[in-house]
Ligand SMILES: Cc1ncc(COP(=O)(O)O)c(C=O)c1O
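Numbering (my numbering), first residue to last: 3 to 396.
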C-alpha cells in the first residue's frame, strides 16, 4: 500500500482526546480533562428549537454556504454591542462548524509550506496541529507564567523572521486561563502592523472572565481590522458543544478565500444548529449569567483545593475560560504524571506537553464539571499524593 501524506503523519494524536479514550477503559474515573460544560441546553433554546422543527420548512436542508443571513445579522449586532465594531454581515461573517472549523478554514487559507506562525505557549493544541497540517512551522514563544501568563514581547520580537506570516492569540486562554490586558493586545496589534502579520484570534471564551475582569477583542482595534481574523463559538457560552456551530469574522478579501475552504470542507454549518444559535443569541441572556456565576464558584473551589496541595502544585489563578494550568513541584514528565493520576487516582487530566514545549511540567485541569466532581477528583488526588509521599519518603 502507498504511504499516507506526510502532512497527516506529522500531526500528533491529540492528548486532549487521547486521555479520555484511555480513561474509557478505566472504571469509575472522575474527569478534570475535557472542557465540557456540565449544563443542559437552556430551556428557552430547547423549546424554540422543537417549535422550529415543526414550523421551519427548510430546517432539514443545507443553508447558504456562509450561513443563515438572519443569524449573521444577529452576530453582527452582538459584535457591535459587545466589541464596538461594525461588521458587514453579508461579506465579513461566515457561520462555521464550531470555532474549530473556523480556525481550520482560516489557517488553511493563509498558511502554506514554510510559513512561520507565532504561537504563544502554552497554546491550544489544535492551533499547533492545524498549523502543521497546513505545512506551516509553529514558532513557540513562551508566555510569562509568573506574570499570570502575559506575553513576552522581547521574545516575540526576536522570533519574527522574514518567513513569519501570522500570530495566533487564544484569549481567554485554553489551557492557562489567562486573559490578555488591553495594553498587551495593543502591543500585539502594533507588532502585526510593523511586521505585516495576520492575526488569528480564538475567542471561544470571550464571555467567560472572572472577578469582573474585562475581555477585550482585537476586533475593537480599528488599526488591525484589515489583517485580523477572529474566530468565535456558540459551544461553551450556550452549552451547545454538540451542535457544532461558531463563526469567523474577517475583512471581505480574506473571507472570500476562507469561504472556498469552508465550502470544500463543510458546505455549511448544520442548519438546525444555526437555528439553535439564532435562538441562543436572541433569547434573554440570563442563562449565560447563571453559567458564569457557576463557573466563578468552580474556579474559586479549584483554587481552594489547589491551595491545600501547595507541596505538589504551584499555579496562576485563572482569569477566564474554565481551565487552570498548575506547575508540578515534582521532577516528572507531565504525561507520566497524568497517567499516574489516571491509573492510581482515577482522575483524568491533560498533560501540559500537549500545549507546546513550555507546557511540560504542568497539567491542565478543567473546572467545567460540577463542584461535586471537582471535590471528588481532589479528594482522590490528595489521597494519591499522601501515599506517594509515604512510599518515596518525600
Ligand atoms: C480555545 C478553544 N478553541 C476552540 C474550541 C473548539 O470550539 P468549538 O466547539 O466551537 O469548535 C475549544 C474547545 O474546547 C477551545 O477551548
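Cβ atoms here follow ideal geometry from the backbone N, Cα and C, with glycine treated the same way.
Start and end residues, beta strand (DSSP E) containing residue 140: Numbered from its first residue, the chain shown carries residue 140 at position 138. That run of the beta strand (DSSP E) goes 139-144.
Between residue 354 and ligand 1, is there a pair consisting of the residue's CB and a ligand heavy atom that are separated by less than 7 Å? By 1-based counting over the chain shown, the position of residue 354 is 352. Not so, every heavy atom of ligand 1 lies at least 7 Å from the Cβ.
Closer than 7 Å: is that where the CB of residue 237 sits relative to any heavy atom of ligand 1? For the purposes of this step, residue 237 is identified with residue 235 of the chain shown, where counting begins at 1. True, at least one ligand heavy atom lies under 7 Å from that Cβ.
Can you give the beta carbon distance from residue 173 to residue 182, rounded, assuming they're within the 8 Å contact cut? The count along the chain shown starts at 1 and reaches residue 173 at position 171. The count along the chain shown starts at 1 and reaches residue 182 at position 180. Yes, residue 173 and residue 182 are in contact; Cβ-Cβ is about 5 Å, under 8 Å.
Write down every uninterrupted run of the beta strand (DSSP E) in the stretch 179-210 whose length is 3 residues or greater and which is fully enclosed by it, in chain order. 200-204
Residue 121 to residue 229, Cα distance in whole Å? Here residue 121 refers to the residue found at position 119 of the chain shown. Here residue 229 refers to the residue found at position 227 of the chain shown. Roughly 17 Å between the two C-alpha positions.
Leaving out five residues before and five after residue 304 in sequence, what residues of the same chain have Cβ atoms less than 7 Å from its Cβ? On the chain shown, position 302 is the one that residue 304 refers to. Correct list, in chain order: 326, 367, 369, 376.
State buried or exposed for residue 268, treating a residue as buried only when at least 16 other CB atoms are found within 10 Å of its CB. Taking the chain shown and counting its residues from 1, the one referred to as residue 268 is at position 266. With 16 or more other Cβ atoms within 10 Å, it is buried.
From the DSSP output, read off the bridge partner residues of residue 235. Within the chain shown, numbered from 1, the residue matching residue 235 stands at position 233. According to DSSP, residue 235 bridges with 248.
Grab the span of the alpha helix (DSSP H) containing residue 368 for me, first residue to last. In the chain shown, residue 368 corresponds to position 366, counting from 1. Not the alpha helix (DSSP H): residue 368 falls in the beta strand (DSSP E), residues 365-368.
Do residue 67 and residue 270 have their C-beta atoms closer together than 8 Å? Taking the chain shown and counting its residues from 1, the one referred to as residue 67 is at position 65. Taking the chain shown and counting its residues from 1, the one referred to as residue 270 is at position 268. Going by C-beta atoms, residue 67 is nearer than 8 Å to residue 270.
Among residues of its own chain, excluding the 5 on either side of residue 310, which ones have a beta-carbon nearer than 6 Å to its beta-carbon? As a first step, residue 310 must be located in the chain shown, where it is residue number 308. Counting only Cβ-Cβ distances below 6 Å, and skipping sequence neighbours, we find nothing.
Would you kindly report the start and end of the unbroken alpha helix (DSSP H) that includes residue 10? As a first step, residue 10 must be located in the chain shown, where it is residue number 8. Its alpha helix (DSSP H) spans residues 8-11.
State buried or exposed for residue 130, treating a residue as buried only when at least 16 other CB atoms are found within 10 Å of its CB. Numbered from 1 along the chain shown, position 128 holds the residue referred to as residue 130. Buried, by the Cβ-count rule.
Within a Cβ cutoff of 7 Å, which residues of the same chain sit near residue 194, ignoring the five residues on either side of it in sequence? To locate residue 194, count along the chain shown from 1; it is residue 192. The answer, listed in chain order, is 169, 201, 226, 229.
By Cβ distance, which residues of its chain are closer than 7 Å to residue 14, with the 5 residues on each side in sequence left out? Counting from 1 along the chain shown, the entry for residue 14 is found at position 12. Result list for residue 14: 131, in chain order.
Does residue 140 pass the burial test, meaning 16 or more other C-beta atoms within 10 Å, or should it be called exposed? Position 138 of the chain shown, counted from the first residue, corresponds to residue 140. Flag for residue 140 reads buried.
Simplified DSSP state of residue 166, which is helix, strand or coil: Against the chain shown, residue 166 aligns to sequence position 164. Three-state DSSP puts residue 166 in a strand.
According to the neighbour-count rule (16 or more other Cβ atoms, all chains shown, within 10 Å of its Cβ), is residue 29 buried or exposed? As a first step, residue 29 must be located in the chain shown, where it is residue number 27. Label assigned to residue 29: exposed.
Quick check on the burial criterion: 16 or more other C-beta atoms within 10 angstroms. Buried or exposed for residue 450? Because the chain spans 3 through 396 in this model, residue 450 falls outside it and cannot be assessed.
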